[in-house]
Amino acid sequence: MKKTGLISIIAFILGSILTIWGVKSCEKKTYSEDSRVIAYQINKMNKMVVAEQSLSEIYTHTSKKSLPGLGSIYSADKKVTMLVNGKVQASYDLSKMEVELDSVNKKILIKSIPEVDLKVFPDVDFYDMDQSVFNKFEKSELNEIKKRGIAKMEEKIDRNKLKTEAHQQLIQNLSDIYQIAKIYGWEVEDKTIYATELKKIFL
Numbered sequence: 273m274k275k276t277g278l279i280s281i282i283a284f285i286l287g288s289i290l291t292i293w294g295v296k297s298c299e300k301k302t303y304s305e306d307s308r309v310i311a312y313q314i315n316k317m318n319k320m321v322v323a324e325q326s327l328s329e330i331y332t333h334t335s336k337k338s339l340p341g342l343g344s345i346y347s348a349d350k351k352v353t354m355l356v357n358g359k360v361q362a363s364y365d366l367s368k369m370e371v372e373l374d375s376v377n378k379k380i381l382i383k384s385i386p387e388v389d390l391k392v393f394p395d396v397d398f399y400d401m402d403q404s405v406f407n408k409f410e411k412s413e414l415n416e417i418k419k420r421g422i423a424k425m426e427e428k429i430d431r432n433k434l435k436t437e438a439h440q441q442l443i444q445n446l447s448d449i450y451q452i453a454k455i456y457g458w459e460v461e462d463k464t465i466y467a468t469e470l471k472k473i474f475l
């Protein structure tokens, strides 16, 4: 009886140890799987978050050339008209976002997010040019006119609107991280300036 009782106790202890070990192993596996899923989801959002605006400007340049005192009689005129199209993008490069995953404590730490970046992509077409034999456009002059046309187009960019739209899209992308964390029972520790805004959404 004593031998049987001792065997039962040993079997119980071994069973308990194996059960605890099995649970711990499953927890680690679950954490690991969660980490991979969350890391994958965050990586999918590492593309540019973009707000875009298209612009178009017709720019005309004219100039005259005449001999001193003879301008009222004759002048050599030249004129060029350009169509300046522009695409403006406001973006956050989320591949530069600093994020750490603590799989043991099931925590996502968002350290920093890069600032919004505005980029202009101009496209210039010279579609009308009239010049005199005595007053022709030089290549350097056309390049300078092109720069002025682009600058004129850029004056129409609504930078505030673009930044607002980009911000809204960024919050949407970050909300996805919060949502993923909530599904898997993880906590988000946000050290960025967007933390307060996002916590209001997930209260």
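Numbering (our numbering), first residue to last: 273 to 475. We treat Cβ as the ideally placed atom computed from N, Cα and C, and that holds for glycine. The structure displayed is predicted, hence computed values, not measured ones.
- What is the C-beta distance between tyrosine 466 and isoleucine 443, in whole angstroms, given that I count them as a contact (C-beta under 8 Å)? Against the sequence shown, residue 466 aligns to sequence position 194. Against the sequence shown, residue 443 aligns to sequence position 171. Taking C-beta atoms under 8 Å as the contact rule, tyrosine 466 and isoleucine 443 qualify, at a distance of about 7 Å.
- Message: Restricting to Cα atoms, I'd like to know which of Glu370, Thr334, Leu327 and Lys433 is closest to aspartate 402.
- Response: Residue numbering aside, residue 402 sits at position 130 when the sequence shown is read from its first letter. Looking at Glu370, Thr334, Leu327 and Lys433, the one whose alpha-carbon comes closest to that of aspartate 402 is Thr334.
- Message: Using the three-state DSSP reduction, which class does glutamate 459 fall into: helix, strand or coil?
- Response: Indexing the sequence shown from 1 puts residue 459 at position 187. It is a strand residue.
- Should the segment 455 to 466 be regarded as contacting the segment 377 to 387, the criterion being three or more beta carbon pairs within less than 8 Å? In short, these stretches touch, since the Cβ pair count reaches three.
- Going by beta carbon distance, what residues of the same chain come within less than 8 Å of alanine 311, once the five residues before and after it are set aside? Taking the sequence shown and counting its residues from 1, the one referred to as residue 311 is at position 39. In its chain, beyond the 5 residues on either side, Leu373 have a beta carbon closer than 8 Å to the beta carbon of alanine 311.
- Query: Can you tell me where the alpha helix (DSSP H) with lysine 487 in it begins and where it stops?
  - Reply: What is shown of the chain runs 273 to 475, which leaves residue 487 out entirely.
- Touching by the beta-carbon criterion (3+ pairs, under 8 Å), the segment 346 to 356 and the segment 313 to 332: Yes, the segment 346 to 356 is in contact with the segment 313 to 332.
- Query: Roughly how many whole angstroms lie between the Cα atoms of lysine 350 and aspartate 389?
  - Reply: Counting from 1 along the sequence shown, the entry for residue 350 is found at position 78. Counting from 1 along the sequence shown, the entry for residue 389 is found at position 117. Straight through space, the alpha carbons of aspartate 389 and lysine 350 are spaced by roughly 39 Å.
- Helix or strand or just coil, what does DSSP make of glutamine 403? The residue labelled residue 403 in the question sits at position 131 within the sequence shown. Here glutamine 403 carries a coil assignment [DSSP, helix/strand/coil].
- Query: What are the boundary residues of the beta strand (DSSP E) that includes glutamate 372?
  - Reply: The residue you call residue 372 lines up with position 100 of the sequence shown. Start and end: 370 to 374.
- Where does lysine 274 sit, in a helix, a strand or coil, going by DSSP? Counted from its first residue, the sequence shown places residue 274 at position 2. Below a pLDDT of 50, predicted positions are generally treated as unreliable, and lysine 274, at 48, falls in that range; the measurement from the model is reported next regardless. When secondary structure is reduced to three states using DSSP, lysine 274 falls in the helix class.
- Cβ of valine 360 within 8 Å of Cβ of leucine 327? Counting from 1 along the sequence shown, the entry for residue 360 is found at position 88. Counting from 1 along the sequence shown, the entry for residue 327 is found at position 55. The criterion of a C-beta distance shorter than 8 Å is satisfied by valine 360 and leucine 327.
- Nearest-angstrom Cα distance between lysine 391 and tyrosine 364? In the sequence shown, residue 391 corresponds to position 119, counting from 1. In the sequence shown, residue 364 corresponds to position 92, counting from 1. So the alpha carbons of these two residues sit roughly 11 Å apart.
- Message: Let me check one thing: in DSSP terms, what residues is isoleucine 465 bridge-paired to?
- Response: Counting from 1 along the sequence shown, the entry for residue 465 is found at position 193. Bridge pairing for isoleucine 465: absent [DSSP].
- Query: CB glutamate 469 to CB alanine 323, shorter than 8 Å?
  - Reply: Within the sequence shown, residue 469 is the residue found at index 197, counting from 1. Within the sequence shown, residue 323 is the residue found at index 51, counting from 1. No, the Cβ-Cβ distance between glutamate 469 and alanine 323 is not below 8 Å.
- Between the Cα of histidine 439 and the Cα atoms of Glu410, Lys408, Phe474 and Leu366, which residue gives the shortest distance? One-based indexing of the sequence shown puts residue 439 at position 167. Nearest of Glu410, Lys408, Phe474 and Leu366 to histidine 439, Cα basis: Leu366.
- Excluding the 5 residues preceding and the 5 following tyrosine 450 in the sequence, name in chain order all residues of the same chain whose CB lies nearer than 8 Å to its CB. Here residue 450 corresponds to residue number 178 of the sequence shown, with the count starting at 1. The beta carbon of tyrosine 450 lies closer than 8 Å to those of Val460, Leu470, Ile473 and Phe474 in the same chain, with the five residues before and after it left out.
- Query: When we look at the beta-carbon of aspartate 306 and count the other beta-carbons within 10 Å, is it buried (16 or more) or exposed?
  - Reply: Position 34 of the sequence shown, counted from the start, is the residue given in the question as residue 306. Result: buried.
- So, serine 384 versus threonine 464, is the Cβ gap smaller than 8 Å? For the purposes of this step, residue 384 is identified with residue 112 of the sequence shown, where counting begins at 1. For the purposes of this step, residue 464 is identified with residue 192 of the sequence shown, where counting begins at 1. With respect to threonine 464, serine 384 sits close: the two C-beta atoms are nearer than 8 Å.
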